[in-house]
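One structure is given below, encoded as structure tokens.
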Amino acid sequence: YAKQKLLQDYHHALKMKDQAEKERSQAFFILQKKNVALQEKDVALQERDAALQEKDTALQEKNQEIIRLKQMLESKLDGTTS
Numbered sequence: 160y161a162k163q164k165l166l167q168d169y170h171h172a173l174k175m176k177d178q179a180e181k182e183r184s185q186a187f188f189i190l191q192k193k194n195v196a197l198q199e200k201d202v203a204l205q206e207r208d209a210a211l212q213e214k215d216t217a218l219q220e221k222n223q224e225i226i227r228l229k230q231m232l233e234s235k236l237d238g239t240t241s
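Laid out in structure tokens, this is it:
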């Protein structure tokens, strides 16, 4: 009886080991998916930052152009009034 019980315990332990390995593989796969998602998020954030920087640069250029045109207009107006 003791030998039979020992064999049952051994087979149960093997099943538990197999189950643990399956769960470990699943956890590893989930971690890989999470890492890929985080990398994709980082890329998206970098692209967003680059787009915002381009927008900011364009706005600065427009503001400089507005200032230049305003100065031209003011100098022309000053030239006509004097």
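Note that the numbering used here has the sequence shown beginning at 160, numbered continuously upward. Just so you know, even glycine gets a beta-carbon here, dropped at the ideal spot from N, CA and C. Remember, it's a predicted structure, so these values are computed and weren't measured experimentally.
What do you reckon, is the C-beta of residue i under 7 Å from a heavy atom of the ligand GDP?
i	result
Arg207	With respect to the ligand GDP, the structure offers nothing, as it holds no ligand at all.
By Cβ distance, which residues of its chain are closer than 6 Å to residue i, with the 5 residues on each side in sequence left out?
i	result
Leu190	none
Which of helix, strand or coil does DSSP assign to residue i?
i	result
Lys169	A quick correction: the sequence has Tyr, not Lys, at residue 169. In this structure, Tyr169 counts as helix in the three-state DSSP scheme.
- Item | Contiguous alpha helix (DSSP H) assignments of at least 4 residues, all confined to the segment 202-238 | none
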